[in-house]
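A.B. asks:
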Amino acid sequence: MNVLLVYAHPEPRSLNGALRDFTVSRLEQAGHAVQLSDLYAMRWKATLDADDNTAPQPGARFDPSADSMRAFEGGTQSADIAREQDKLRWADALILQFPLWWFSMPAILKGWVDRVYACGFAYGVGEHSDTHWGDRYGEGMLAGKRAMLVVTTGGWASHYAPRGINGPIDDLLFPIQHGILFYPGFEVLPPHVIYRSGKINEANFGEVREALGKRLDTLATTPPIPFRRQNAGDYRIPELTLRPELAPGESGFGIHAA
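Okay, structure coming up:
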């Protein structure tokens, strides 16, 4: 497979840096082709703004979606955005690796999404009608590709358990997995979460590394999270609410997985 690893950590000598190097090595040894987008090393521009279109309309009010689509369709996107989109087209699988900072991804990685996920590329595609509400949530430009999160966090696994103080890890990652990945079409694999990252040292790093290695070895075969496809009949359109006979009486993130 062709694998794109998008990595967000500012210190190459960190645990994340070691895991990044291990991931690239393990995948290449298994015969996969790997491209790495090391966002801090690339000095990635994290803010979406009018400069992302190299041919702006003089005097026009900046509209993030409309400007994004004009630049994408007109071939006037900033070169760094176009390069990352080409990597996504090339990839069969995407890995997002990051530390969990304040219950989400680092700002630089969110900025990668904001800028690379242009209108017409990752959203704003497909017909909108009474039976089909855009190519998204299981459809879209990135359908047929796989994606997985590799996340480190300082807390214990119990802190992120169903009754843990931080909230269930699957709920915290839902906006990323269901929104950022499933929305444009990726098949999303269960995340690989490494807890108590500050307590990992040379003595137990081998165990951590091999646990990640096993997930990388099954990147092509691990069953994805069974998120419900938007246009497959489970949702009322155009309301986009789950049909009442499915998960009756329930609410929350969990109802969106079959």
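Just add 5 to the spot in the sequence shown (first one is 1) and you have the numbering used here.
Using N, Cα and C, we set each Cβ at its ideal position, and we do this for glycine too.
To the nearest angstrom, how far is it from the Cα of glutamate 212 to the Cα of tyrosine 128?
C.D. replies: 39 Å
A.B. asks: Per DSSP, what kind of secondary structure is threonine 157 in: helix, strand or coil?
C.D. replies: strand
A.B. asks: Name the two residues that bound the continuous alpha helix (DSSP H) containing aspartate 26.
C.D. replies: 20 to 34
A.B. asks: So is glutamine 62 buried or exposed if we call it buried at 16+ other beta carbons inside 10 Å?
C.D. replies: exposed
A.B. asks: Indicate the three-state DSSP secondary structure (helix, strand or coil) for valine 118 in the structure shown.
C.D. replies: helix
A.B. asks: Which whole-angstrom value describes the C-beta separation of threonine 157 and serine 109, a residue pair presumed to lie in contact below a C-beta threshold of 8 Å?
C.D. replies: Threonine 157 to serine 109, Cβ: 13 Å. No contact.
A.B. asks: What are the boundary residues of the alpha helix (DSSP H) that leucine 93 is part of?
C.D. replies: 84 to 95
A.B. asks: For the segment 119 to 189, list the alpha helix (DSSP H) runs that are entirely contained and at least 4 residues long, ordered along the chain.
C.D. replies: 174 to 179
A.B. asks: I'd like the list of long-range same chain contacts for valine 185, defined as Cβ closer than 6 Å, with 5 residues on each side in sequence excluded.
C.D. replies: The displayed chain sequence assigns isoleucine, not valine, to residue 185. Within the same chain, isoleucine 185 has close Cβ partners Val118.
A.B. asks: Going by DSSP, what residues sit across from tryptophan 106 in a beta bridge?
C.D. replies: Ser109
A.B. asks: Determine the DSSP secondary structure at aspartate 43, reduced to helix, strand or coil.
C.D. replies: strand
A.B. asks: Could you spell out where the beta strand (DSSP E) holding leucine 9 opens and where it closes?
C.D. replies: 7 to 12
A.B. asks: Determine the contact status of proline 69 and tyrosine 45, defining contact as a CB-CB distance below 8 Å.
C.D. replies: no
A.B. asks: Note the first and the last residue of the continuous beta strand (DSSP E) segment covering histidine 197.
C.D. replies: Unbroken beta strand (DSSP E) run through histidine 197: 197 to 199.
A.B. asks: Any idea what DSSP makes of asparagine 209, helix, strand or coil?
C.D. replies: helix
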